[in-house]
Each structure stands twice: as structure tokens, then as C-alpha cells.
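Beneath this line is the structure, given in C-alpha cells, with notes to follow.
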Amino acid sequence: MDKENTHIGSSFDDFLQERGELVETGAIAIKRVVAWQLAQKMEDEKISKKRMAELLSTSRSSLDRLLDPANTS
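Once you know that position 46 of the sequence shown is 165 in the numbering used here, the rest is easy, because the numbers rise by one and skip nothing.
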């Protein structure tokens, strides 16, 4: 038995595309996930920000920007 599609209208991606916000929204979502995953790894492994910055060959201020989901730079 085929299930009838109960959804009416376009998808949320279509909505964002029409508004020209699909790419930006996707980038923000990815940034938040990466920041969360990195923070979780640091917590699980008990790695300080200073040490993580060293492991990533970057500065602590760059790591802080990466860990801040609101910072889109």
C-alpha cells in the first residue's frame, strides 16, 4: 500500500533558498556542530584551550572564535 504524501507546500530548504538564506543558514549550522563537537572532545579528553590550540597549530584567540557558535568569522 502506497502512503500518500501528507505534506503540503515546499520544503524548508526551498523556503530558505527563496529568501537567499540557504547557504548562510547551512554554514551557521555547520559552525555550531563543529564548535560543539570540539568542545565535547576537549571535555572528554580533559584538554585545555591552551593545549588544544597547540594541537591545532593555532592561537588561543583563534580557538576561542572557533568554539563560539555565535562568532561567524
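C-beta: ideal position from N, C-alpha, C; glycine also. None of the values given here were measured: they were computed from a predicted structure.
For this session: Put E140 into one of helix, strand or coil per three-state DSSP.
Result: coil
Exercise. Are three or more beta carbon pairs between the segment 124 to 144 and the segment 159 to 171 nearer than 8 Å?
Worked result: No, they do not touch.
Exercise. In or out: L182 buried (at least 16 other Cβ within 10 Å) or exposed?
Worked result: buried
Exercise. Where does E162 sit, in a helix, a strand or coil, going by DSSP?
Worked result: helix
For this session: Alpha carbon to alpha carbon, how far is S192 from S180? Give it in angstroms, no decimals.
Result: 12 Å
Exercise. So the alpha helix (DSSP H) S192 belongs to, where does it begin and stop?
Worked result: Per DSSP, S192 belongs to no alpha helix (DSSP H) and is neither H nor E.
For this session: Measure the Cβ-Cβ separation of L186 and L141 and say whether it is below 9 Å.
Result: no
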